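Everything below concerns the one structure shown next.
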């Protein structure tokens, strides 16, 4: 009877130690998971900050490029209008009307 009690006591003690170890391992794993989450959150914040910094630094160049593109577009439209006017003036002369058909207006002139 003592042997059975002693072996049951040993098993219970072993199970208690195993449960304690399992609890310690689980707590350690939770701490590692939380640490990894903190690292990921920090990296995301750093990456977001980096994206904002890049966007802030690019903004003046983007604005300059957009204004330059708008200026070039206006220049091209004005050049087209001038060419269309010149063609219309040339077509209005009697000799030009006999030689060529009238030129249709371009999109920017309409």
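In my numbering, the protein residues as written are 14 to 123. In this text, a Cβ means the ideal position worked out from N, Cα and C, and glycines have one as well. For clarity, every value in this text was computed on a predicted model and none was experimentally measured.
Residues of the same chain with a CB within less than 8 Å of the CB of residue 83, apart from the 5 flanking positions on each side, do not exist.
Rounded to whole angstroms, the gap between the alpha carbons of residue 59 and residue 98 is 58 Å.
Here the alpha carbon of residue 43 sits roughly 10 Å from the alpha carbon of residue 50.
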